[in-house]
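Undergrad: Sharing a structure with you now.
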Amino acid sequence: MDLDIDRNGNALVVRLQGEIDLCAAEALRPRLDKEIERQKAKHLVFNLRSVEFIDSSGIGFILGRYKRVKAQGGKVALAGPNQSVRRIIELSGMYKLMEGYANEAEALRSLEGGKTG
């Protein structure tokens, strides 16, 4: 699992790569939480284009960051998951809490415009 974080306006863009399972989620959680605190960004975009697999621990990892950002008045967007990852996200109900977009650029445009979909 690899993690790349960039600031884009009021959003942190988190590009994940590989598999988000229990081991990866435990390693990623403190790194991302530290960056959220340090960067003071309002919104969060998870770019899932390069994620090959996600399990319940990965879902929990994203939901935990969602709760943190939402508590500060921000939004979380999910961008570019492949078909199998998108299906898991759909089954988990995460799309009821956060919007999904075809790619990172669409997610950022939506957050900048204050739209939710």
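The letter at position 111 of the sequence shown is residue 111 when you use full-length UniProt numbering, and the numbering goes up by one with no holes. Ideal Cβ positions, reconstructed from N, Cα and C, are used throughout, including at glycine.
If you drop the 5 nearest sequence neighbours on each side, which residues of the same chain put their C-beta closer than 6 Å to that of I54?
TA: Excluding residues within five positions, the ones whose Cβ falls inside 6 Å are I20, V85 and I88.
Undergrad: Specify, as a first and last residue, the run of the alpha helix (DSSP H) that A41 falls within.
TA: Unbroken run through A41: none, as it is neither H nor E.
Undergrad: In three-state terms, what does DSSP make of D33?
TA: If DSSP states are grouped into helix, strand and coil, D33 belongs with the helices.
Undergrad: What span of residues does the beta strand (DSSP E) with residue 138 cover, start to end?
TA: Missing from the structure shown is residue 138; the chain here goes from 1 to 117 and no further.
Undergrad: Below 8 Å on the Cβ atoms is my guess for M94 versus I59; work out the distance and round it to an integer in Å.
TA: At roughly 7 Å, the Cβ-Cβ gap stays under 8 Å, so M94 and I59 are in contact.
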